[in-house]
Every structure is written in structure tokens, then in C-alpha cells.
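Participant:
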Amino acid sequence: MVGMIVQTIARELSVPENNVHATIALLDEGNTVPFIARYRKEVTGGLDDSQLRTLEARLHYLRELEERKATVLDAIDAQGKLTEELKAEILGVETKARLEDLYLPYKTKRRTKAAIAREAGLEPLACQLVDGVSTDPAELAADYITEGFPDASAVLTGARHIVVEDIATNADVVGHVRDEFYSRGHATASVVEGVEDAGAKYRDYFEFSEPFTQLPSHRILALLRGENEGVLRVNFGAGTGEDPQEDNEYFEQLIAHDAGLEPHGDAADAFRAECVRFAWRTKLSVSSAVDVRMKLKERADDGAVEVFSRNLKDLLLAAPAGQRATLGLDPGYRNGVKCAVVDATGKVLDTVIVYPHSGAAKWEQARTVLAELSAAHGVELLAVGNGTASRETEKLAREVADLIAQAGGKKPQPVIVSESGASVYSASEVAAAEFPEMDVSLRGAVSIARRLQDPLAELVKIDPKSIGVGQYQHDVNQTLLAAGLDSVVEDAVNSVGVDLNSASAQLLRRVAGVTPTLADNIVAYRDENGAFSSRKELLKVPRLGPKAFEQAAGFLRIRDGKDPLDASAVHPEAYPLVHRISEDTGLSITELIGNSRVLASLKPQSYADETFGVPTVTDVLAELDKPGRDPRPTFKTAALAEGVEKVSDLKPGMILEGTVTNVAAFGAFVDVGVHQDGLVHISAMSDRYVSDPHEVVNSGQVVKVRVLEVDEKRNRIGLSLRLNDEPQKVKKAQGDNRKAGSRQAAQNRKGQRGGRQRSGGSMADALRKAGFGS
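This note's numbering puts the first residue of the sequence shown at 1, with every later residue one more than the last.
1. Is the stretch 371-379 touching the stretch 406-414, taking contact as three or more C-beta pairs under 8 Å?
2. Shortest alpha-carbon distance to Thr351 belongs to which of Ala126, Tyr61, Gly226, Val446?
3. Shortest alpha-carbon distance to Thr585 belongs to which of Gly561, Leu621, Asn501?
4. So Val660 and Val703 are supposed to be a Cβ contact under 8 Å. How far apart are they, rounded?
5. Classify His176 as buried or exposed, calling it buried when 16 or more other Cβ atoms lie within 10 Å of its own Cβ.
6. Within its chain, find whatever has a CB closer than 8 Å to the CB of Asn715; leave out the 5 residues flanking it on each side and keep chain order.
7. From this set, Asp692, Gly700, Ser683, Leu442, which residue's C-alpha is nearest Arg722's C-alpha?
8. Would you say the stretch 355-370 touches the stretch 413-426, given that touching needs at least three Cβ pairs under 8 Å?
9. In chain order, which beta strand (DSSP E) runs of at least 3 residues are fully inside the stretch 545-585?
10. Do Glu89 and Leu102 come within 8 Å of each other at the CB atom, strictly closer than that value?
11. For the candidate residues Asn662, Gly643, Val191, Glu726, whose alpha-carbon lies nearest to that of Val696?
12. For the beta strand (DSSP E) holding Val707, just list the boundary residues, first then last.
13. Buried or exposed: which applies to Ala567, given that a residue is buried once 16 or more other Cβ atoms fall within 10 Å of its Cβ?
14. Leu91: buried (16+ other C-beta within 10 angstroms of its C-beta) or exposed?
15. Around the C-beta of Gln214, are 16 or more other C-beta atoms found within 10 angstroms, so that it is buried, or is it exposed?
16. In the DSSP assignment, what residue or residues form a beta bridge with Thr108?
17. Given a cut-off of 8 Å on the beta-carbon distance, is the pair Leu485 and Phe669 in contact?
18. Round the Cβ separation of Val133 and Ala270 to the nearest angstrom and send it over; I've been treating them as touching at under 8 Å.
19. Just how far apart, CA to CA, sit Val644 and Leu396?
20. Please list, in chain order, all residues of the same chain as Val93 whose beta carbon is under 6 Å from its beta carbon, the five residues on each side excluded.
21. Counting C-beta neighbours from all protein chains within 10 Å, is the total for Pro542 16 or more, i.e. buried, or is it exposed?
22. Taking the C-alpha atoms as reference points, what is the distance between Ser183 and Arg632?
23. Can you tell me the Cα-Cα spacing of Glu274 and Leu156, whole angstroms?
24. Compare the C-alpha of Ser285 against each of Tyr39, Leu254, Val415, Gln506 and name the closest.
25. Can you look up Arg716 in the DSSP assignment and give me helix, strand or coil?
26. Going by DSSP, what residue range makes up the beta strand (DSSP E) through Gly385?
27. Measuring CB to CB, does Leu539 end up less than 8 Å from Phe549?
28. Please determine, among Gln413, Asp463, Val417, the residue with the shortest C-alpha to C-alpha distance to Val430.
29. Could you spell out the range, first to last residue, of the alpha helix (DSSP H) harbouring Phe181?
30. Have a look at Leu317, Leu232, Glu229, Ala483 and flag the residue whose alpha-carbon is nearest the alpha-carbon of Asp301.
31. Shortest alpha-carbon distance to Thr8 belongs to which of Cys339, Leu65, Phe208?
32. Any idea if His60 is buried or exposed, counting beta-carbon neighbours within 10 angstroms, 16 or more meaning buried?
33. Measuring CA to CA, which of Gly673, Leu708, Gly241 is closest to Met685?
34. Under a three-way DSSP split, which group does Pro331 fall into?
35. As a quick exercise: from Leu52, Thr479, Ala120, Gly45, pick the residue whose alpha carbon is nearest that of Gly148.
36. Excluding the 5 residues preceding and the 5 following Asn170 in the sequence, name in chain order all residues of the same chain whose CB lies nearer than 7 Å to its CB.
Next up, the structure:
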């Protein structure tokens, strides 16, 4: 079975089987994805962390499938019904759904009406009627009258139950119907009478219909949420919903054909038609609707997790402002602005609460207090949270900066910072352990300041689901979401690397191979013995053995340590390779590091051997050229327009600078400084066709946008990345596109109906005569 799993994954990922086999072996040995991606490229053929995550997920699925196959085979064999043909079919299955279809007839069932009919000896009659008879079925049924089936009508009903159950447990019929249901079906929705106003946010779905195959993730989740909130009636139907009778006829024809129950022109045609009709309307239409609901939900979950993961990665890998003294301001009106000064390393130096929004005197007092505080600690950055009162507090920060400059000091830079999750952090056990004596409200200001200095180091302390960069995140499978986001955080942390002597336990826990216990032990060792002087010293940390060291060492950096390589991403196992290069060039390692001229002249092939292949040598040379290189972009902030502080200040046509806060499947949300993010719809992102907003923007990116539409009542802002867009023209064009889309959809539905009618031909007529679809 291992060979089949390898073949399947290799085919799906378009990767050589030997690389897949070797990668699976590495995973089974306990190696982490970041370690494999970075330091085992020869083995994997250069698979990146994303491909490895996919491989790992598929490996888990396929192994579960193999385990389930074994269970199913044992269960069928125990019944004495396992044939070689059935065994081969089960072993060749590639999806769990198909496996369960095959197992369906052999599952232990409750005592069904069909089972009761079989116990009464009606199965021979059912088989006879399915094969075809020339005698009136009622006459034949008279010979089967027995207790529980007192007349011919009851006997025929019992025979029908048997045939219907056979149809509903036929793997080929069930699978074909399910596939057709999905490919032809539509999700439709209407508003529940009386909740139109309360459910206004679902207005787009009050009269809604869209094919299953075209439903994007966010619309599926919106429909399901609207249904759960009692606003929408949602139906997952077999067709467009315009002609249910036609849809029934289509599927009854399909079932009759697949189950061998087509009209024979004999006396049992009507009986068979009735069996098919019951099988469709009472069994398969219901199970197919349930299956499609589950499939759509799974698809929506996968899409939502992907969007959330990409946004989270962008946010985690946002540009750090760097090690500069920072004043964090957590804005508020009545409860004041909570302020905290942290030094270049993030250590808290001072805190204060000011009340600038309580009158002119308090404003002046706050300005003076913050200017003195900033000057005393050499503050270079003023980090203002983007929540309530953020623009007013940013204005205060600008005045504080001006006051310091007027006094001859270095003018600090005010920056708006996302405070999503700061309140969650403030009340967390992590924050309580860090600042046991500090008021909860002030911890948020510390977090805001630190996340400007280094977003990654601070955001790892917060549950990723609380950072607010997803869509319908509470409606998504939480286990799937947590696993996906944890992988993103782990990959982000390891791609940047971690300073071993300053990292928090929360950050260390995300390093490959470092468990929560090891992270705590590292911090405890550091507190007791002082800073680490070399990577080798990690082996002195309690419970940190050779395997954990192998996985983690390359991602942990030691600045100004004994060995200059400890500050780089070169893994200790490759230090001998660097020493060999040093000997060949006649340069010390210190002289070699950063020497682009010499390093560029070296050929990786010259140093490749059985231990280190060309990919590893290439990475080592690149790392020596720029050791400890940070993959994150250069720090940049949006210049928010003065005087534009609330939605009512916006006017169509304005061009503003803002920061992308979230990217969804349908567009991107941009913070332009009015306490409400505006939406750049995917259709307004570029002059070219855009299939995915991530092609154009990512979370944290600073962009210029044009205001297209402002709806104060609904608190909605329409924006465009095309700065020459005219608001009214864009609105009209979008309306025209919607109308054109509706006309095209109507034509498509008409064409589908015509095609089915034409393809049905005389068989459809014969089935209708036999009673199908009536």
C-alpha cells in the first residue's frame, strides 16, 4: 500500500516517486517541515514548505483511507461476501466517498422495511419484476401474501422497498447521481418573511441562485451563516429550481439507466418506474443534497483557511520597524489613552494614561506629558492603535512629535498600527506572566509598541484566530483552521529566524523541533546562565537532545557569539563545508562572510559530495554572502490624509493612501483612517483581469486608492486601485456587468434545458409513458 500512496502523491504533485518516498521517510523519522524544506533539498528535490505541507496532508488522508479499506475488507469478509473482484475494486479506491459507496450494501443496518420484506420471502418477486414479466404484477403478488403482507398491494409495496434499497445502496448509481447532482445543482436562497430589516446584511442573498460549481468560498459561508441566523432559507437543489419536474425526470432517467430499470415494454414497467421514483425522491435526492452540503462546506473551509493563511503570513512577515525606542498608544475616549514606552529591545521603560479627549486643558496636558516622556527615553516611533479614537490620537501624536522637534530633539515618527488581538493578548496568561503587576489596559499599549518594532515576535503571542485577517472564521472547521494557521506561523518564524538570546518562550515554541517544554527550558537556562555564546551550548539545556538540536539549530541565531556562523542560517552540520571553502580560498570565515566577489566566483559543483549536494552548497554560499538575511520587506507606513477622520469626511473622487488590512476572495479591505475599512472589489483592482486579489495586493501593503462610493447609513466604503476611475461610471459599469451576467446565466440555463431535452429522445418519452417523472 505504501507504493500506491507514493504513486498517488507523486502524480498529484508532479514530483518523482523517489523524492516522495524519501520525503515520507523524513516525516516518519520526526523531521519538521521547515527543517526538511531548508536543509534536505537534495532528498525532496527542492520542495518548498507549501508543497511539503500539501504532501503531509495528503499522506495523512491516504493513510487514513488505507486503514479504512482494511476495516471495510475485514467487515465484508466476515460476512462471507468478499469476492476477488470486490476486493480489487476496494483496494483501488482513491477517495473516502467512493469507499463508503462500495461498503454501503454491506453495512449493518437497522431493521428496515426492505429487510422485513425479505424476511417475508418477497425478494424473489422483486427480482422477477425487475427482470420483466408478462403477467400482471398484482396476480404474481397474490402468491406471496403472508403475515404482515395481507394483500397484493401490500406485497408489491414490500417488493418496492426491496428494489428501492438495492438502488440506494448501489455504489455506481449513488456515485453517479451524487456527481450529477453536484455538477447540475444550484444553491438557492430567499429571505425569511419578517426579518428583512434585521437581516439587511444578507440582502444580496434575499433572491439568490448560483450553480454549486461556481459558488466561491465566502458565498457558501455567508449562505450557511444566514441560514443559521434564521435570516435565509437555503436550498441545495438538483437543478436551477425553475422546473423541479424536469429535474426529477432527468435523475429518474439516469437512475433507471444505471440500475437496469428502464422500460421493457412489459407488465412491470409501471412497477419499476415507481421504484425509481421512490428511490430518487425519498433516498437519493435527500442523500445527494446532504452530500453536496458537506462538500460545499468542506470546499468553503479549505478556501477560507487558505485566504486566512495567506493574510496571516503577510501580516507575520510585515516589515519590522526595527530596534528603536517606541511609545505605544492604545486610544480611547472616556477611559483615556493608555501609553507605554519600550526600549529598542522591547523592554518596558514607563507607562502612563492620559485623557486628551476630555477638553482643551487635558489635551494640552497630554501633549506635554507625552513629549516629556518621549524625550526622556529617546523615543523614535509613536505607535498608535487603529481602534476607537485612533485618528484623534494620531493627531495628538503628530503634535507631540512637532513639540519635540521645536525643542531641538529628534522628531519621532507617528505610525498607525493594527491593534487586532491586542485586547486578547492583554487578558491572556502570556501577558499576565510577562507583566504580573501591570494593569491589563496598559498591556495593550505595550503590545502595540512591540508589534511595530517586530510584528512577528509579538503576534506569535496571540491566538492566530484573534488577529482578524480571515473571512467567516468562526464558521470554519476550527480544527482545520487551527492546524492551517499553526503551520503558517511555524513557517513564518523559521523563514525569518530567531535570536536565541532575546526571543520569548512563545516565539521559541514556533521554532522547528522546539516543544513548549523545551522553549521554557531554554529561557530558564538563559536566565540562570546568561546569554548563549554558541549553538552547541543548546545541548546543555535540559531535555534538548540531538534530534531537537538538529531540527532547531539552523533557525536559532546568536549575534556576536564565539562562531560567526552561529549568526547565520548555515546549519551546524554544514560548518565543515564552510571550513573547507575557507581553506580553499585562503580566507578566514570572518573574511569570507559578506565577500560577494569571492563567493560569486565559487562553483557549487566543486564542493558537492555525498554529504552535501549542489542545492545545499548553493544555499550555504548565498547565506555566507548575506548572513542572517531577513526576508521581510523594508519598513514603510501609509500617510493618512489630515482632516479625513470619519466616514462622513470621505467624498467620491478622493485619492487617499491606506494600508491593506485583509484580503478576501472577492477583494481587499483598506484602512484609510476613518475607523471603517473600505473595500476594493476584485473588479476595481487592475485594468487587467484579476482572478485572485493576492495577485495584486497583500495584507500590510501600503496602497493608494480612489474613493468610489460612500454609504454612511450602511457604513460601507467603495474604493478602487485604479486612480483614474470615475465613481459614477464605475457604478454604472458594475450594474451593466451584473445585468449582462444575469442574461448570460439565463441563456446558459435555457441551453442546458434544451440540451437535456434533445439528448433524452425517445427514451425520455418511453420513461414518461411508463410513469417516470409523473
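Where is the CB? At the ideal position from N, CA and C, for every residue including glycine.
Facilitator: So, from the listed chains and residues:
1. As far as the Cβ criterion goes, the stretch 371-379 touches the stretch 406-414, which means the pair count is three or higher.
2. Per the C-alpha coordinates, the member of Ala126, Tyr61, Gly226, Val446 positioned closest to Thr351 is Val446.
3. Leu621
4. 6 Å
5. By the Cβ neighbour-count rule, His176 is buried, with 16 or more other Cβ atoms within 10 Å of its own.
6. Val647, Gln676
7. Ser683
8. no
9. none
10. yes
11. Asn662
12. 702-711
13. buried
14. exposed
15. With fewer than 16 Cβ atoms within 10 Å of its Cβ, Gln214 is classed as exposed.
16. DSSP, once it has assigned bridges, lists no residue as partnering Thr108.
17. no
18. About 12 Å separates the two Cβ atoms, so there is no contact after all.
19. 15 Å
20. Leu99
21. Burial call: exposed.
22. 43 Å
23. 11 Å
24. Residue nearest to Ser285 within the set Tyr39, Leu254, Val415, Gln506 is Leu254 (criterion: CA-CA distance).
25. strand
26. Its beta strand (DSSP E) spans residues 381-385.
27. yes
28. Asp463
29. 171-184
30. Ala483
31. Leu65
32. exposed
33. Leu708
34. Coil, per DSSP.
35. Ala120
36. Ala259
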